[in-house]
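Trainee: If you scroll down you'll find the structure; I have some questions about it.
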Amino acid sequence: MDIRSWRGVLASALALGLFVVLVGGAASGCRQAGEAGEADVEDATDGEQDGEGAEEDEEEAVPVSVTTLERGEIESVLRFSTHLEAEEQVQVLSEAAREVVALYVEEGDRVRRGQVLVRLEDEEQRNELARIESQLAKAERELAREKNLFEQKLISEQAYNDARYEVDQLEIALADAKRELSYTEVKAPIAGTVTQRLVKVGDHVTVNQHLFDIIDFDSIVARVYVPEKELPRIAVGQTARITAQSAGGRERRGEIDRIAPVVDSRSGTVKVTVAIPAEEGLLPGMYVTAELVTEVHDDALLVPKRALVYDDDQLFVFRVGNDSRVERLLVRPVLEDRTYIEPAGDVLAPGDRIVVAGQAGLKNGSLVRDVAVTGADSEEPRSDSGSEVAS
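Residue numbers (the working numbering): 8 to 398.
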(Lines of atoms letter the chains of each structure in order from A and count residues from 1; the text may use other names and numbers.)
(Lines give C-alpha, C1' and ligand atoms only; values in the text may rest on other atoms or scores of the structure.)
Protein backbone atom coordinates (compact mmCIF):
# COMPACT_ATOMS: atom_id res chain seq x y z
CA MET A 1 0.00 0.00 0.00
CA ASP A 2 1.49 3.33 -0.95
CA ILE A 3 1.57 6.47 1.20
CA ARG A 4 -1.43 7.99 -0.53
CA SER A 5 -3.66 5.05 0.41
CA TRP A 6 -2.62 5.23 4.11
CA ARG A 7 -3.52 8.87 4.22
CA GLY A 8 -7.08 8.08 2.93
CA VAL A 9 -7.64 5.38 5.57
CA LEU A 10 -6.43 7.70 8.36
CA ALA A 11 -8.77 10.50 7.29
CA SER A 12 -11.80 8.16 7.32
CA ALA A 13 -10.95 6.94 10.82
CA LEU A 14 -10.68 10.47 12.17
CA ALA A 15 -14.03 11.44 10.66
CA LEU A 16 -15.73 8.37 12.20
CA GLY A 17 -14.29 9.13 15.66
CA LEU A 18 -15.49 12.73 15.53
CA PHE A 19 -19.04 11.55 14.62
CA VAL A 20 -19.14 9.16 17.59
CA VAL A 21 -18.04 11.91 19.96
CA LEU A 22 -20.73 14.33 18.71
CA VAL A 23 -23.56 11.73 18.94
CA GLY A 24 -22.56 10.76 22.48
CA GLY A 25 -22.57 14.38 23.64
CA ALA A 26 -26.03 15.04 22.20
CA ALA A 27 -27.48 11.97 23.92
CA SER A 28 -26.05 13.02 27.27
CA GLY A 29 -27.56 16.50 26.89
CA CYS A 30 -31.01 15.04 26.15
CA ARG A 31 -30.87 12.84 29.26
CA GLN A 32 -29.97 15.84 31.45
CA ALA A 33 -32.77 17.97 29.93
CA GLY A 34 -35.33 15.16 30.45
CA GLU A 35 -34.34 14.73 34.07
CA ALA A 36 -34.62 18.48 34.63
CA GLY A 37 -38.08 18.57 33.02
CA GLU A 38 -39.34 15.68 35.15
CA ALA A 39 -38.08 17.46 38.22
CA ASP A 40 -39.94 20.63 37.19
CA VAL A 41 -43.18 18.64 36.62
CA GLU A 42 -42.85 16.99 40.04
CA ASP A 43 -42.30 20.39 41.64
CA ALA A 44 -45.41 21.82 39.88
CA THR A 45 -47.52 18.81 40.90
CA ASP A 46 -46.40 19.15 44.47
CA GLY A 47 -47.36 22.85 44.34
CA GLU A 48 -50.84 22.10 43.06
CA GLN A 49 -51.40 19.49 45.74
CA ASP A 50 -50.28 21.98 48.36
CA GLY A 51 -52.76 24.56 46.94
CA GLU A 52 -55.67 22.11 47.02
CA GLY A 53 -54.93 21.29 50.59
CA ALA A 54 -54.98 24.96 51.44
CA GLU A 55 -58.34 25.44 49.76
CA GLU A 56 -59.80 22.48 51.66
CA ASP A 57 -58.51 23.90 54.89
CA GLU A 58 -60.15 27.31 54.15
CA GLU A 59 -63.86 26.40 53.39
CA GLU A 60 -65.86 29.51 52.51
CA ALA A 61 -69.12 30.09 54.42
CA VAL A 62 -72.27 30.70 52.33
CA PRO A 63 -73.96 34.07 53.07
CA VAL A 64 -77.59 33.57 54.17
CA SER A 65 -80.31 35.30 56.15
CA VAL A 66 -81.51 33.59 59.33
CA THR A 67 -84.56 33.99 61.56
CA THR A 68 -85.48 32.58 64.97
CA LEU A 69 -88.73 30.59 65.29
CA GLU A 70 -91.45 31.81 67.64
CA ARG A 71 -94.99 30.83 68.57
CA GLY A 72 -98.12 32.77 67.63
CA GLU A 73 -101.61 32.58 66.12
CA ILE A 74 -102.21 31.00 62.73
CA GLU A 75 -105.45 30.35 60.90
CA SER A 76 -106.42 28.29 57.89
CA VAL A 77 -108.50 30.03 55.23
CA LEU A 78 -110.11 29.23 51.90
CA ARG A 79 -109.59 32.18 49.55
CA PHE A 80 -111.84 33.10 46.60
CA SER A 81 -112.45 36.03 44.26
CA THR A 82 -115.94 37.02 43.16
CA HIS A 83 -118.35 39.90 42.50
CA LEU A 84 -120.92 41.03 45.04
CA GLU A 85 -124.61 40.91 44.25
CA ALA A 86 -127.89 41.80 45.93
CA GLU A 87 -130.32 38.96 46.47
CA GLU A 88 -133.24 41.39 46.53
CA GLN A 89 -133.19 43.72 43.54
CA VAL A 90 -136.01 44.43 41.12
CA GLN A 91 -136.87 46.32 37.99
CA VAL A 92 -140.10 48.27 38.45
CA LEU A 93 -142.24 48.09 35.28
CA SER A 94 -145.33 50.00 34.20
CA GLU A 95 -148.59 48.00 34.13
CA ALA A 96 -150.57 50.58 32.16
CA ALA A 97 -150.09 52.85 29.16
CA ARG A 98 -150.58 56.35 30.57
CA GLU A 99 -148.95 59.75 30.96
CA VAL A 100 -146.81 60.43 34.03
CA VAL A 101 -148.42 63.19 36.13
CA ALA A 102 -146.45 62.97 39.41
CA LEU A 103 -143.03 61.67 40.46
CA TYR A 104 -142.47 61.00 44.19
CA VAL A 105 -138.95 59.50 44.49
CA GLU A 106 -135.46 60.12 43.18
CA GLU A 107 -132.30 58.02 42.84
CA GLY A 108 -130.79 57.29 46.23
CA ASP A 109 -134.12 57.53 48.10
CA ARG A 110 -134.95 54.79 50.57
CA VAL A 111 -138.44 53.39 49.99
CA ARG A 112 -140.68 50.95 51.86
CA ARG A 113 -142.61 48.13 50.28
CA GLY A 114 -145.89 49.38 48.73
CA GLN A 115 -144.80 53.03 48.66
CA VAL A 116 -146.06 55.00 45.61
CA LEU A 117 -143.17 55.91 43.31
CA VAL A 118 -144.98 57.59 40.42
CA ARG A 119 -148.59 58.43 39.51
CA LEU A 120 -150.06 58.10 36.03
CA GLU A 121 -153.06 59.94 34.56
CA ASP A 122 -156.15 58.23 36.05
CA GLU A 123 -159.27 60.26 35.18
CA GLU A 124 -160.68 57.63 32.83
CA GLN A 125 -160.15 54.82 35.38
CA ARG A 126 -161.81 56.83 38.18
CA ASN A 127 -164.87 57.58 36.01
CA GLU A 128 -165.19 53.93 35.03
CA LEU A 129 -164.96 52.88 38.66
CA ALA A 130 -167.67 55.36 39.69
CA ARG A 131 -169.98 54.19 36.92
CA ILE A 132 -169.68 50.53 37.88
CA GLU A 133 -170.16 51.32 41.57
CA SER A 134 -173.41 53.12 40.71
CA GLN A 135 -174.66 50.22 38.59
CA LEU A 136 -173.78 47.75 41.31
CA ALA A 137 -175.67 49.74 43.93
CA LYS A 138 -178.77 49.75 41.74
CA ALA A 139 -178.45 46.02 41.02
CA GLU A 140 -178.11 45.22 44.71
CA ARG A 141 -181.32 47.13 45.49
CA GLU A 142 -183.10 45.27 42.71
CA LEU A 143 -181.78 41.96 44.04
CA ALA A 144 -183.11 42.74 47.50
CA ARG A 145 -186.57 43.50 46.06
CA GLU A 146 -186.55 40.33 43.90
CA LYS A 147 -185.53 38.25 46.88
CA ASN A 148 -188.47 39.58 48.95
CA LEU A 149 -190.90 38.82 46.15
CA PHE A 150 -189.40 35.35 45.63
CA GLU A 151 -189.79 34.51 49.31
CA GLN A 152 -193.50 35.50 49.01
CA LYS A 153 -193.69 33.32 45.90
CA LEU A 154 -194.75 36.29 43.82
CA ILE A 155 -192.00 35.80 41.18
CA SER A 156 -190.34 32.79 39.65
CA GLU A 157 -187.00 31.39 40.72
CA GLN A 158 -185.63 32.30 37.29
CA ALA A 159 -186.35 35.98 37.83
CA TYR A 160 -184.60 35.89 41.20
CA ASN A 161 -181.56 34.10 39.71
CA ASP A 162 -181.29 36.66 36.92
CA ALA A 163 -181.15 39.47 39.47
CA ARG A 164 -178.48 37.63 41.40
CA TYR A 165 -176.41 37.04 38.24
CA GLU A 166 -176.52 40.77 37.42
CA VAL A 167 -175.05 41.62 40.80
CA ASP A 168 -172.30 39.01 40.43
CA GLN A 169 -171.24 40.40 37.03
CA LEU A 170 -171.12 43.95 38.31
CA GLU A 171 -168.98 42.87 41.28
CA ILE A 172 -166.47 41.33 38.85
CA ALA A 173 -166.49 44.52 36.76
CA LEU A 174 -165.92 46.56 39.92
CA ALA A 175 -162.84 44.48 40.80
CA ASP A 176 -161.49 45.00 37.28
CA ALA A 177 -162.07 48.75 37.50
CA LYS A 178 -160.27 48.96 40.84
CA ARG A 179 -157.33 47.00 39.43
CA GLU A 180 -157.09 49.28 36.40
CA LEU A 181 -157.12 52.29 38.70
CA SER A 182 -154.37 50.75 40.87
CA TYR A 183 -152.14 50.48 37.80
CA THR A 184 -152.01 54.27 37.67
CA GLU A 185 -150.03 54.23 40.94
CA VAL A 186 -146.66 52.53 40.48
CA LYS A 187 -145.60 51.11 43.86
CA ALA A 188 -142.36 49.66 45.23
CA PRO A 189 -142.52 45.84 45.26
CA ILE A 190 -139.75 45.59 47.90
CA ALA A 191 -138.15 47.80 50.52
CA GLY A 192 -134.81 49.20 49.45
CA THR A 193 -133.03 52.07 47.73
CA VAL A 194 -133.87 53.52 44.33
CA THR A 195 -130.70 53.06 42.32
CA GLN A 196 -132.00 54.16 38.91
CA ARG A 197 -134.88 56.33 37.66
CA LEU A 198 -135.76 56.02 33.99
CA VAL A 199 -138.89 58.19 33.77
CA LYS A 200 -139.89 61.82 34.28
CA VAL A 201 -143.09 63.85 34.55
CA GLY A 202 -144.80 64.20 31.18
CA ASP A 203 -143.52 60.95 29.72
CA HIS A 204 -146.09 58.66 28.13
CA VAL A 205 -145.21 55.18 29.34
CA THR A 206 -146.26 51.89 27.80
CA VAL A 207 -147.14 48.55 29.37
CA ASN A 208 -144.04 46.77 30.80
CA GLN A 209 -141.83 49.83 30.36
CA HIS A 210 -138.82 49.89 32.73
CA LEU A 211 -139.30 52.77 35.21
CA PHE A 212 -137.04 52.20 38.27
CA ASP A 213 -134.42 49.89 39.78
CA ILE A 214 -134.62 49.15 43.52
CA ILE A 215 -131.98 47.28 45.53
CA ASP A 216 -132.13 46.14 49.13
CA PHE A 217 -128.60 46.71 50.41
CA ASP A 218 -129.34 44.54 53.43
CA SER A 219 -129.23 41.56 51.07
CA ILE A 220 -125.68 41.97 49.70
CA VAL A 221 -124.00 38.58 49.30
CA ALA A 222 -120.86 37.03 47.86
CA ARG A 223 -121.33 33.68 46.15
CA VAL A 224 -118.27 31.44 46.14
CA TYR A 225 -117.79 27.90 44.88
CA VAL A 226 -115.95 25.65 47.33
CA PRO A 227 -114.30 22.37 46.24
CA GLU A 228 -116.26 19.42 47.59
CA LYS A 229 -113.23 18.08 49.48
CA GLU A 230 -113.35 21.22 51.66
CA LEU A 231 -116.99 20.72 52.74
CA PRO A 232 -116.08 19.22 56.16
CA ARG A 233 -114.25 22.46 56.99
CA ILE A 234 -117.15 24.88 56.48
CA ALA A 235 -120.49 25.46 58.22
CA VAL A 236 -123.35 27.97 58.32
CA GLY A 237 -122.46 30.90 60.58
CA GLN A 238 -118.73 30.56 59.96
CA THR A 239 -116.74 33.81 59.83
CA ALA A 240 -115.74 35.27 56.47
CA ARG A 241 -113.43 38.18 55.66
CA ILE A 242 -114.23 40.39 52.68
CA THR A 243 -111.72 42.75 51.05
CA ALA A 244 -112.56 45.15 48.22
CA GLN A 245 -109.69 47.18 46.77
CA SER A 246 -112.18 49.64 45.25
CA ALA A 247 -113.45 50.35 48.78
CA GLY A 248 -110.06 51.14 50.25
CA GLY A 249 -108.87 47.59 50.85
CA ARG A 250 -110.13 47.58 54.45
CA GLU A 251 -111.13 44.17 55.75
CA ARG A 252 -114.89 43.70 56.20
CA ARG A 253 -116.80 40.98 58.04
CA GLY A 254 -119.39 38.53 56.80
CA GLU A 255 -120.58 35.04 57.58
CA ILE A 256 -121.71 31.95 55.72
CA ASP A 257 -125.48 32.21 55.30
CA ARG A 258 -126.25 29.15 53.17
CA ILE A 259 -124.51 26.08 51.75
CA ALA A 260 -126.09 24.46 48.72
CA PRO A 261 -127.23 20.87 49.36
CA VAL A 262 -125.84 19.56 46.05
CA VAL A 263 -122.44 19.30 44.37
CA ASP A 264 -122.02 20.51 40.79
CA SER A 265 -120.94 17.36 38.97
CA ARG A 266 -119.17 19.31 36.23
CA SER A 267 -116.96 21.48 38.46
CA GLY A 268 -116.93 19.42 41.66
CA THR A 269 -117.84 22.50 43.72
CA VAL A 270 -120.58 23.56 46.13
CA LYS A 271 -122.17 27.02 46.04
CA VAL A 272 -121.72 28.89 49.32
CA THR A 273 -123.54 32.17 49.99
CA VAL A 274 -121.77 34.67 52.27
CA ALA A 275 -124.00 37.39 53.75
CA ILE A 276 -122.50 40.88 54.22
CA PRO A 277 -124.19 43.44 56.50
CA ALA A 278 -125.26 46.72 54.93
CA GLU A 279 -123.18 48.71 57.44
CA GLU A 280 -120.01 47.37 55.83
CA GLY A 281 -120.65 49.82 52.98
CA LEU A 282 -120.06 47.48 50.05
CA LEU A 283 -122.01 47.76 46.79
CA PRO A 284 -123.36 45.23 44.30
CA GLY A 285 -120.95 44.55 41.46
CA MET A 286 -117.79 45.18 43.49
CA TYR A 287 -114.91 42.75 42.87
CA VAL A 288 -113.84 41.30 46.22
CA THR A 289 -111.67 38.67 47.82
CA ALA A 290 -113.57 36.40 50.22
CA GLU A 291 -111.70 34.39 52.84
CA LEU A 292 -113.49 31.66 54.79
CA VAL A 293 -111.75 31.07 58.13
CA THR A 294 -111.89 27.31 58.69
CA GLU A 295 -109.55 26.77 61.66
CA VAL A 296 -107.52 28.83 64.17
CA HIS A 297 -104.56 27.74 66.35
CA ASP A 298 -103.62 30.29 69.03
CA ASP A 299 -100.21 28.88 70.06
CA ALA A 300 -98.64 27.49 66.91
CA LEU A 301 -94.97 27.32 65.95
CA LEU A 302 -94.67 29.75 63.05
CA VAL A 303 -92.33 28.82 60.19
CA PRO A 304 -92.04 31.51 57.48
CA LYS A 305 -92.92 30.30 54.01
CA ARG A 306 -89.78 32.08 52.79
CA ALA A 307 -87.76 29.37 54.51
CA LEU A 308 -89.36 26.48 52.61
CA VAL A 309 -87.50 24.54 49.93
CA TYR A 310 -89.66 22.46 47.60
CA ASP A 311 -88.35 19.10 46.41
CA ASP A 312 -90.65 16.55 44.70
CA ASP A 313 -93.80 17.63 46.55
CA GLN A 314 -91.93 17.65 49.85
CA LEU A 315 -91.03 20.66 51.97
CA PHE A 316 -87.69 21.18 53.68
CA VAL A 317 -86.05 23.82 55.84
CA PHE A 318 -82.40 24.37 56.79
CA ARG A 319 -81.75 24.72 60.52
CA VAL A 320 -78.50 26.41 61.57
CA GLY A 321 -76.56 24.67 64.34
CA ASN A 322 -74.17 26.12 66.89
CA ASP A 323 -71.26 25.24 64.57
CA SER A 324 -72.79 27.41 61.80
CA ARG A 325 -73.54 24.34 59.72
CA VAL A 326 -77.03 23.64 58.42
CA GLU A 327 -79.23 20.59 58.83
CA ARG A 328 -81.83 19.81 56.14
CA LEU A 329 -85.16 18.90 57.77
CA LEU A 330 -88.39 17.56 56.25
CA VAL A 331 -91.53 19.43 57.42
CA ARG A 332 -95.24 18.70 56.93
CA PRO A 333 -97.67 21.62 57.27
CA VAL A 334 -100.65 21.28 59.62
CA LEU A 335 -102.04 24.78 59.00
CA GLU A 336 -100.90 27.58 56.75
CA ASP A 337 -101.75 31.16 55.90
CA ARG A 338 -100.24 33.66 53.48
CA THR A 339 -97.00 34.05 55.46
CA TYR A 340 -96.48 31.06 57.76
CA ILE A 341 -97.01 27.33 58.14
CA GLU A 342 -97.41 25.32 61.33
CA PRO A 343 -95.27 22.15 61.06
CA ALA A 344 -96.41 18.79 62.39
CA GLY A 345 -94.54 16.96 65.15
CA ASP A 346 -91.51 18.18 67.09
CA VAL A 347 -88.97 18.46 64.27
CA LEU A 348 -88.61 22.16 65.03
CA ALA A 349 -88.92 24.10 68.28
CA PRO A 350 -89.13 27.72 69.42
CA GLY A 351 -85.69 29.32 69.36
CA ASP A 352 -84.44 27.28 66.40
CA ARG A 353 -82.60 29.35 63.80
CA ILE A 354 -83.58 28.60 60.21
CA VAL A 355 -82.46 30.00 56.86
CA VAL A 356 -85.02 32.26 55.16
CA ALA A 357 -82.90 33.56 52.26
CA GLY A 358 -79.98 32.14 50.31
CA GLN A 359 -80.95 28.51 50.90
CA ALA A 360 -81.41 27.59 47.23
CA GLY A 361 -77.89 26.15 46.81
CA LEU A 362 -77.38 24.75 50.31
CA LYS A 363 -76.71 21.12 51.13
CA ASN A 364 -76.93 19.24 54.38
CA GLY A 365 -73.87 20.22 56.44
CA SER A 366 -73.01 23.38 54.51
CA LEU A 367 -71.16 26.10 56.40
CA VAL A 368 -73.12 29.37 56.48
CA ARG A 369 -72.86 32.88 57.87
CA ASP A 370 -75.75 35.15 58.69
CA VAL A 371 -75.24 38.41 56.81
CA ALA A 372 -77.43 40.22 59.31
CA VAL A 373 -74.86 39.36 61.97
CA THR A 374 -71.51 39.45 60.11
CA GLY A 375 -71.92 43.02 58.91
CA ALA A 376 -73.44 45.31 56.33
CA ASP A 377 -70.44 44.96 54.03
CA SER A 378 -71.31 41.33 53.35
CA GLU A 379 -73.10 40.43 50.17
CA GLU A 380 -76.88 40.44 50.61
CA PRO A 381 -78.23 37.00 49.63
CA ARG A 382 -81.02 36.65 47.13
CA SER A 383 -84.37 35.92 48.74
CA ASP A 384 -86.01 32.69 47.57
CA SER A 385 -89.54 33.04 48.83
CA GLY A 386 -91.71 29.97 48.47
CA SER A 387 -94.81 30.07 46.32
CA GLU A 388 -98.09 30.36 48.17
CA VAL A 389 -99.93 27.09 48.73
CA ALA A 390 -103.64 27.59 48.13
CA SER A 391 -105.88 26.65 51.02
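The beta-carbon is built from N, C-alpha and C at its ideal position, and this holds for glycine as well.
When you compare each of S189, R186, D183 and E149 to R171 by their alpha carbons, which one comes out closest?
Mentor: Nearest C-alpha to R171: E149.
Trainee: Kindly indicate the opening and closing residues of the beta strand (DSSP E) around V295.
Mentor: Start and end: Y294 to P311.
Trainee: Would the region 176 to 188 count as touching the region 123 to 141 if we require 3 or more Cβ pairs under 8 Å?
Mentor: With the cut-off at 8 Å, the region 176 to 188 and the region 123 to 141 touch.
Trainee: Can you grab the Cα-Cα spacing for the pair R78 / A307, in whole Å?
Mentor: In a straight line, the C-alpha of R78 is about 5 Å away from that of A307.
Trainee: If you draw a straight line from the alpha carbon of V279 to that of E302, how long is it in whole angstroms?
Mentor: Cα-Cα distance, rounded: 17 Å.
Trainee: Any chance you could list the beta strand (DSSP E) runs of at least 3 consecutive residues sitting entirely within the region 196 to 243, in chain order?
Mentor: DSSP runs (the beta strand (DSSP E)) wholly in the region 196 to 243: 199 to 204, 217 to 222 and 227 to 234.
Trainee: Given this structure, state the Cα-to-Cα distance separating K160 from V125, to the nearest angstrom.
Mentor: Those two C-alpha atoms are separated by around 55 Å.
Trainee: How long is the line joining the alpha carbons of I283 and E258, rounded to whole angstroms?
Mentor: Rounded to whole angstroms, I283 to E258 spans 12 Å at the Cα level.
Trainee: May I ask you to report which of helix, strand or coil DSSP gives Q321?
Mentor: Note: Q321 maps to strand in three-state DSSP.
Trainee: For I179, is the classification buried or exposed, using 16 other Cβ atoms within 10 angstroms of its Cβ as the cut-off for buried?
Mentor: Flag for I179 reads exposed.
Trainee: If you measure between the beta carbons of V327 and R273, is that distance less than 8 Å?
Mentor: Against a cut-off of 8 Å, the Cβ pair of R273 and V327 comes out as no contact.
Trainee: Under the assumption that G209 contacts V107 (Cβ atoms under 8 Å), give the Cβ distance between them as a whole number of angstroms.
Mentor: Indeed, because the Cβ distance is near 6 Å, the residues count as touching under 8 Å.
Trainee: Give the straight-line distance between the Cα atoms of D271 and Q321, rounded to the nearest whole angstrom.
Mentor: If you take the alpha carbons of D271 and Q321, they lie about 32 Å apart.
Trainee: Tell me the DSSP secondary structure of R133 in three-state form.
Mentor: Note: R133 maps to helix in three-state DSSP.
Trainee: Work out the CA separation of S101 and T191 for me, nearest whole Å.
Mentor: Taking the straight line joining both Cα atoms gives about 9 Å.
Trainee: May I have the straight-line CA-CA distance separating V193 from G292, to the nearest angstrom?
Mentor: Using only the alpha carbons, I get a separation of about 27 Å.
Trainee: Looking only at DSSP bridge pairs, what is D377 linked to?
Mentor: In DSSP, D377 forms a bridge with V71.
Trainee: With contact counted as at least three CB pairs below 8 Å, one residue from each stretch, are the region 111 to 118 and the region 249 to 264 in contact?
Mentor: In short, these stretches do not touch, since the Cβ pair count stays below three.
Trainee: Roughly how many angstroms separate the alpha carbons of A146 and I222, rounded to a whole number?
Mentor: Those two C-alpha atoms are separated by around 47 Å.
Trainee: In the DSSP assignment, what are the bridge partners of P340?
Mentor: Answer is P350, bridged to P340.
Trainee: Pick out whichever of Q216, Y347, G352 and D319 has its Cα sitting closest to the Cα of A103.
Mentor: A103 has its Cα closest to that of Q216, out of Q216, Y347, G352 and D319.
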